[in-house]
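Each residue of the sequence shown is one higher than the one before, starting from 16 at the first, in the numbering used here.
Each residue gets a CB set at the ideal place from its N, CA and C atoms; glycine is no exception.
All values derive from a computational prediction rather than experimental measurement.
For reference, the structure is listed below as structure tokens.
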Amino acid sequence: MTTILFKNANVFTGKNKDFEAIDFAVDTESGLFINQETKNADKVIDLKGKYVMPGLINAHTHIVLDPFFKIGGLSSVNAVKTGAVVNTYIAVDNLNKLLKNGVTYIRDVGSSDDIDLQLSKLEKENKITAPGIIGSGPALVMTGGHGVELGLESDGVDELRKNARTNIKNGARNIKLMATGGVSIDGETPHDIQLSVDEMRAAVNEAHHKGYTACAHAQGTEGIKNAIRAGVDSIEHGIYLDDEAIQMMLENDTHLVPTLMAPWAINQHPDKLPDFMVKKSLAVQEAHIVSIGKAAKAGVKIAMGTDSGTAYNDFENGSSEELEHMVKAGLTPLQALQSASVNAAELLKIDDYAGSIESDKLADFIIIEENPLEDIKAVQGDKIVYKKGKKVE
Numbered sequence: 016m017t018t019i020l021f022k023n024a025n026v027f028t029g030k031n032k033d034f035e036a037i038d039f040a041v042d043t044e045s046g047l048f049i050n051q052e053t054k055n056a057d058k059v060i061d062l063k064g065k066y067v068m069p070g071l072i073n074a075h076t077h078i079v080l081d082p083f084f085k086i087g088g089l090s091s092v093n094a095v096k097t098g099a100v101v102n103t104y105i106a107v108d109n110l111n112k113l114l115k116n117g118v119t120y121i122r123d124v125g126s127s128d129d130i131d132l133q134l135s136k137l138e139k140e141n142k143i144t145a146p147g148i149i150g151s152g153p154a155l156v157m158t159g160g161h162g163v164e165l166g167l168e169s170d171g172v173d174e175l176r177k178n179a180r181t182n183i184k185n186g187a188r189n190i191k192l193m194a195t196g197g198v199s200i201d202g203e204t205p206h207d208i209q210l211s212v213d214e215m216r217a218a219v220n221e222a223h224h225k226g227y228t229a230c231a232h233a234q235g236t237e238g239i240k241n242a243i244r245a246g247v248d249s250i251e252h253g254i255y256l257d258d259e260a261i262q263m264m265l266e267n268d269t270h271l272v273p274t275l276m277a278p279w280a281i282n283q284h285p286d287k288l289p290d291f292m293v294k295k296s297l298a299v300q301e302a303h304i305v306s307i308g309k310a311a312k313a314g315v316k317i318a319m320g321t322d323s324g325t326a327y328n329d330f331e332n333g334s335s336e337e338l339e340h341m342v343k344a345g346l347t348p349l350q351a352l353q354s355a356s357v358n359a360a361e362l363l364k365i366d367d368y369a370g371s372i373e374s375d376k377l378a379d380f381i382i383i384e385e386n387p388l389e390d391i392k393a394v395q396g397d398k399i400v401y402k403k404g405k406k407v408e
């Protein structure tokens with residue numbers, strides 16, 4: 016069997032504005048959507064009453080992290096160096112959870128031992144069944160900076176340039192930069208300025224010279240603006256956006272990856288986490304929600320990402336729950352679906368082969384029971400997942 020024709024579904028392609036009655040076909044050998052006029056399919060599946068949309072794209076994950084601290088290995092609370100074998104086991108388990116829950120492509124933005132880069136290569140070669148991966152390798156951080164447990168300490172323009180080149184040599188297709196401090200590390204705040212504009216620009220230029228992307232962890236207002244000035248393709252978190260920062264993003268076509276799940280998950284478990292983390296997380300939550308709502312209303316391009324792997328921020332339900340949080344913050348349900356499909360694909364530079372349901376693109380899609388444009392929580396319900404034209408079991 017090589018071709019399957021799916022009939023009578025309500026389909027959001029990523030490019031349309033509503034679910035429409037569309038028949039579509041896949042080639043299970045190539046893993047691609049094929050011409051929808053196919054008459055001689057080997058198999059026909061009737062999806063009457065079902066809703067189909069592109070597989071979710073999560074633009075901000077940390078697959079080597081264990082959000083529940085069960086296995087050991089790295090965590091956002093306490094970095095324990097247990098080695099590449101344990102961290103790879105955690106990463107593969109997390110990838111399986113993502114895929115089964117409808118995430119068919121990710122961007123990983125901070126890994127150890129180049130695990131994300133190696134797994135990305137294996138997935139591209141069809142050696143493993145997993146979401147597609149745009150990997151970053153270790154984030155580039157200042158000495159002692161945010162995320163150092165998943166980072167490469169880098170100071171000065173020359174070191175940033177050298178380490179960006181090294182990551183790209185090792186297979187990175189995105190460079191992750193730390194523009195500010197954050198919530199999960201003691202002794203710093205989201206407002207702290209970390210890497211400078213010149214340092215970040217050197218790394219961004221290396222990524223752009225190769226046609227790749229760069230993103231910045233940026234939470235405080237001035238750090239966000241520094242990252243935009245440096246030319247990053249996306250701001251991660253964007254907790255304290257003011258009107259000037261939003262205007263700069265619009266002028267520079269800078270995407271925003273909100274990761275609303277990250278503080279929300281921490282705030283659900285105040286008794287199980289360090290006081291410093293909970294205190295900072297509670298302090299940022301409202302500003303974060305307001306910032307994302309303002310950016311969405313202004314027309315900033317938003318891509319879905321969760322920061323999965325941070326404390327209690329899981330790989331099973333986080334992606335679909337992020338969409339709900341985005342709608343609560345002020346995105347329309349359509350904007351939320353676009354953030355996890357066409358917008359994220361554009362940000363990751365995979366939009367020529369992924370992120371929408373159309374011929375000659377990867378047949379990555381999910382089948383759900385209800386219309387998420389009417390209730391975004393429909394994405395959280397039962398779903399059937401297809402990756403490269405094959406049903407995920």
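Straight through space, the alpha carbons of residue 256 and residue 195 are spaced by roughly 13 Å. In the three-state scheme derived from DSSP, where H, G and I count as helix and E and B as strand, residue 408 is classed as coil. For the 7 Å CB-CB criterion, residue 360 and residue 369 form a contact.
If you draw a straight line from the Cα of residue 58 to the Cα of residue 17, it is about 9 Å long. DSSP places residue 148 inside the beta strand (DSSP E), whose first and last residues are 147-149. Restricting attention to alpha helix (DSSP H) runs no shorter than 4 residues, the segment 268-334 encloses them at 276-282 and 290-313, ordered along the chain. Distance from the CA atom of residue 319 to the CA atom of residue 76, rounded to whole angstroms, is 10 Å.
In the three-state reduction of the DSSP assignment, residue 240 falls in the helix class, which pools H, G and I. Taking one beta carbon from each stretch, the segment 378-393 and the segment 300-315 have fewer than 3 pairs nearer than 8 Å; the two do not touch. Using a 10 angstroms sphere on the CB of residue 296, the tally of other CB atoms reaches 16 or more, which defines it as buried.
In the DSSP assignment, residue 171 falls within the alpha helix (DSSP H) that extends over 171-184. When only Cα atoms are considered, residue 22 and residue 71 end up about 21 Å apart. Between residue 155 and residue 179 a beta carbon distance of about 7 Å is seen, short of the 8 Å cut, so the two are scored as contacting. Annotation for residue 203: no alpha helix (DSSP H) segment contains it, and DSSP assigns it neither H nor E. CA-CA distance, residue 289 to residue 37, rounds to 51 Å.
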